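Visitor: In mature numbering (1 follows the signal peptide of the UniProt record, and there is no 0), the protein residues as written are -31 to -1, 1 to 265.
Glycine included, C-beta positions come from ideal geometry on N, C-alpha and C.
Given the structure is predicted, the values throughout are model-derived calculations rather than measurements.
Below: one structure in structure tokens.
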Ligand SMILES: *[C@@H]1O[C@H](CO)[C@@H](O)[C@H](O)[C@H]1NC(C)=O
Ligand SMILES: *[C@@H]1O[C@H](CO)[C@@H](O)[C@H](O)[C@H]1NC(C)=O
Ligand SMILES: *[C@@H]1O[C@H](CO)[C@@H](O)[C@H](O)[C@H]1NC(C)=O
Ligand SMILES: *[C@@H]1O[C@H](CO)[C@@H](O)[C@H](O)[C@H]1NC(C)=O
């Protein structure tokens, strides 16, 4: 412990002195110190190209400096400019062939990074790190990628449930159901998941409403939205009872026919029995008359 302390303190003294000299040197020659700046955030539509700003103040020539764009992790970089040229040897594979450091104004300390064909995965915070032989500084910028998804599809798979589905959104969307009076309908289920391109897929269902029309609106946090409406019921009668009405009609018609036939047959039988009865009565009368005549 003592040995450590003995070694440590003289060293600390030397470091402090060295730091002091360094600081006073830069105080004296302000030209080597610089600030790096960007903008807080940049929004871009999925699939388009974007420029991430990065500049030095005061204006100075950065041709001989190291310029490195990082995205959170420091092992691999998004883009590296070193020794006067671009170096892609340890670039994040995600950015292969998609980055370009624009050097048109590099002598004035302006060197934005171009990222082509932006993907959902590209969203996040980027650091522009600039290093000269004597100083370094960095600035952060957030890349906000947005994508408007597909037109929602409303379907009635089950008799008593209505589904709404939309895909291809970024960032995470939200879904609102409204009836034909504009009232919100609380969904029975809502689910979002990410597809293979990191885009959001949203699905929701509601119990079949009593109103005739239903609207499904899907929006992302930038208030970009898409909506679809669907006629659920015809005025008055539920959609599904069309067939049952026809069925009821057919059944009643059959019943009527059966009744009519039964009635018709019954009438015929009745008529016949009445005829028979009449006939026998007449015959009986005739016979009794004959008998009376004979006996008298
Ligand atoms: C990048 O471009 C080169 C040349 O155009 C091509 O050979 C290479 O396959 C590309 N890499 C990717 C990941 O697209
Ligand atoms: C360079 O600066 C000029 C003048 O300010 C500007 O018109 C041009 O767009 C800049 N180029 C880049 C790549 O930023
Ligand atoms: C952009 O990237 C997507 C996949 O990330 C690819 O399918 C598409 O072909 C690319 N477009 C261009 C113009 O490179
Ligand atoms: C989106 O809309 C809501 C309400 O309509 C509003 O409060 C919010 O500020 C809007 N957001 C943006 C980014 O326009």
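Would you mind giving the Cβ-Cβ distance between residue 187 and residue 135, rounded to the nearest angstrom? I have them listed as a contact below 8 Å.
Guide: As a first step, residue 187 must be located in the chain shown, where it is residue number 218. As a first step, residue 135 must be located in the chain shown, where it is residue number 166. Between residue 135 and residue 187 the Cβ distance is about 5 Å, and since that is below 8 Å, they are a contact.
Visitor: Using 7 Å as the cut-off, classify the Cβ of residue 115 as near or not near the heavy atoms of ligand 3, replying yes or no.
Guide: Within the chain shown, the letter at position 146 stands for residue 115. Outside the cutoff, so no.
Visitor: According to DSSP, residue 135 sits in a beta bridge with which residue or residues?
Guide: For the purposes of this step, residue 135 is taken as the residue at position 166 of the chain shown. BP columns for residue 135 point to 171.
Visitor: Helix, strand or coil for residue 19 per DSSP?
Guide: Numbered from its first residue, the chain shown carries residue 19 at position 50. Residue 19 falls in the strand class under three-state DSSP.
Visitor: Going by DSSP in three states, residue 162 sits in which element: helix, strand or coil?
Guide: Start at 1 with the first residue of the chain shown, and residue 162 comes out as number 193. Residue 162 falls in the strand class under three-state DSSP.
Visitor: Leaving out five residues before and five after residue 266 in sequence, what residues of the same chain have Cβ atoms less than 7 Å from its Cβ?
Guide: In the structure as shown, the chain starts at -31 and stops at 265, and residue 266 therefore has no counterpart that could be examined.
Visitor: So the candidates are 159, 129 and 83; which of them puts its Cα closest to the Cα of residue 275?
Guide: Outside the modelled stretch of the chain, which goes from -31 to 265, sits residue 275, for which no answer is possible.
Visitor: Any heavy atom of ligand 2 inside 7 Å of the beta-carbon of residue 74?
Guide: Reading the chain shown from its first residue, position 105 is the one you call residue 74. Answer for residue 74: yes, Cβ within range of ligand 2.
Visitor: Can you round the beta-carbon distance between residue 41 and residue 93 to whole angstroms, since I take them to be within the 8 Å contact cut?
Guide: Taking the first residue of the chain shown as position 1, residue 41 is located at position 72. Taking the first residue of the chain shown as position 1, residue 93 is located at position 124. Confirmed, Cβ separation roughly 7 Å.
Visitor: Check whether the region 71 to 90 and the region 146 to 159 touch, using three or more Cβ-Cβ pairs below 8 Å as the test.
Guide: Judged by Cβ distances under 8 Å, the region 71 to 90 makes no contact with the region 146 to 159, as fewer than three pairs qualify.
Visitor: Round the Cβ separation of residue 120 and residue 197 to the nearest angstrom and send it over; I've been treating them as touching at under 8 Å.
Guide: Translated into positions along the chain shown, residue 120 becomes position 151. Translated into positions along the chain shown, residue 197 becomes position 228. Their Cβ separation, rounded to whole angstroms, is 6 Å, which keeps residue 120 and residue 197 in contact under 8 Å.
Visitor: Report the rounded CA-to-CA distance for residue 185 versus residue 228, giving the unit in angstroms.
Guide: On the chain shown, residue 185 is found 216 positions in, with the first residue counted as 1. On the chain shown, residue 228 is found 259 positions in, with the first residue counted as 1. Residue 185 and residue 228: Cα-Cα distance of roughly 51 Å.
Visitor: Compare the Cα-Cα distances from residue 44 to each of 61, 129 and 72 and report the closest residue.
Guide: Against the chain shown, residue 44 aligns to sequence position 75. Nearest C-alpha to residue 44: 61.
Visitor: Is residue 119 helix, strand or coil when you go by DSSP?
Guide: Counting from 1 along the chain shown, the entry for residue 119 is found at position 150. Residue 119: coil per DSSP, three-state reduction.
Visitor: Taking 7 Å as the cut-off, is the beta-carbon of residue 26 closer than that to any non-hydrogen atom of ligand 3?
Guide: Position 57 of the chain shown, counting from 1, holds the residue named residue 26. Residue 26 Cβ: outside cutoff for every heavy atom of ligand 3.
Visitor: Is residue 253 helix, strand or coil when you go by DSSP?
Guide: Start at 1 with the first residue of the chain shown, and residue 253 comes out as number 284. Here residue 253 sits in helix by DSSP.
Visitor: In this structure, does DSSP put residue 75 in helix, strand or coil?
Guide: For the purposes of this step, residue 75 is identified with residue 106 of the chain shown, where counting begins at 1. Here residue 75 sits in helix by DSSP.
Visitor: Report the rounded CA-to-CA distance for residue 53 versus residue 165, giving the unit in angstroms.
Guide: Residue numbering aside, residue 53 sits at position 84 when the chain shown is read from its first letter. Residue numbering aside, residue 165 sits at position 196 when the chain shown is read from its first letter. About 38 Å.
Visitor: Quick check: the Cα distance between residue 150 and residue 139, rounded to an integer number of angstroms?
Guide: Translated into the one-based positions of the chain shown, residue 150 becomes position 181. Translated into the one-based positions of the chain shown, residue 139 becomes position 170. For residue 150 and residue 139, the distance between alpha carbons rounds to 30 Å.
Visitor: State the start and end residues of the unbroken beta strand (DSSP E) segment that holds residue 95.
Guide: One-based indexing of the chain shown puts residue 95 at position 126. Segment 93 to 100, the beta strand (DSSP E) holding residue 95.
Visitor: Would you check whether ligand 3 has a heavy atom nearer than 7 Å to the C-beta of residue 68?
Guide: Numbered from its first residue, the chain shown carries residue 68 at position 99. Flag unset: Cβ of residue 68 not near ligand 3.
Visitor: So what's residue 62 in DSSP terms, helix, strand or just coil?
Guide: As a first step, residue 62 is located in the chain shown; it is residue number 93 there, counting from the start. Residue state, collapsed to three classes: helix.
Visitor: In this structure, what does DSSP give as the bridge partners for residue 176?
Guide: In the chain shown, counting from the first residue as 1, residue 176 sits at position 207. Paired residue(s): 130.
Visitor: Please find out if some non-hydrogen atom of ligand 2 comes closer than 7 Å to the beta-carbon of residue 84.
Guide: Looking up residue 84 in the chain shown gives position 115. False, no ligand heavy atom lies under 7 Å from that Cβ.
Visitor: Among the candidates 221, 201 and 63, whose CA atom is the shortest distance from the CA of residue 182?
Guide: Within the chain shown, numbered from 1, the residue matching residue 182 stands at position 213. Out of 221, 201 and 63, 201 has the C-alpha closest to the C-alpha of residue 182.
Visitor: So, with DSSP's three-state summary, where would you put residue 237?
Guide: By one-based count along the chain shown, residue 237 stands at place 268. Residue state, collapsed to three classes: helix.
Visitor: So residue 76 and residue 30 are supposed to be a Cβ contact under 8 Å. How far apart are they, rounded?
Guide: As a working mapping, residue 76 is identified with position 107 in the chain shown. As a working mapping, residue 30 is identified with position 61 in the chain shown. The pair is a contact, with the Cβ atoms about 5 Å apart (cut-off 8 Å).
Visitor: Short of 8 Å in beta carbon distance, which residues of its chain neighbour residue 153, apart from the five on each side in sequence? Order them along the chain.
Guide: Counting from one through the chain shown, the residue named residue 153 turns up at place 184. Result list for residue 153: 145, 146 and 147, in chain order.
Visitor: Looking at C-alpha atoms only, which residue of 10, 101, 168 and 6 is the closest neighbour of residue 118?
Guide: For the purposes of this step, residue 118 is taken as the residue at position 149 of the chain shown. Closest by alpha carbon: 168.
Visitor: State the start and end residues of the unbroken beta strand (DSSP E) segment that holds residue 13.
Guide: On the chain shown, residue 13 is found 44 positions in, with the first residue counted as 1. Here the beta strand (DSSP E) through residue 13 covers 10 to 14.
Visitor: If you check the beta carbons only, do residue 109 and residue 96 fall under 8 Å apart?
Guide: Along the chain shown, one-based indexing puts residue 109 at 140. Along the chain shown, one-based indexing puts residue 96 at 127. A contact, by the Cβ cut-off of 8 Å.
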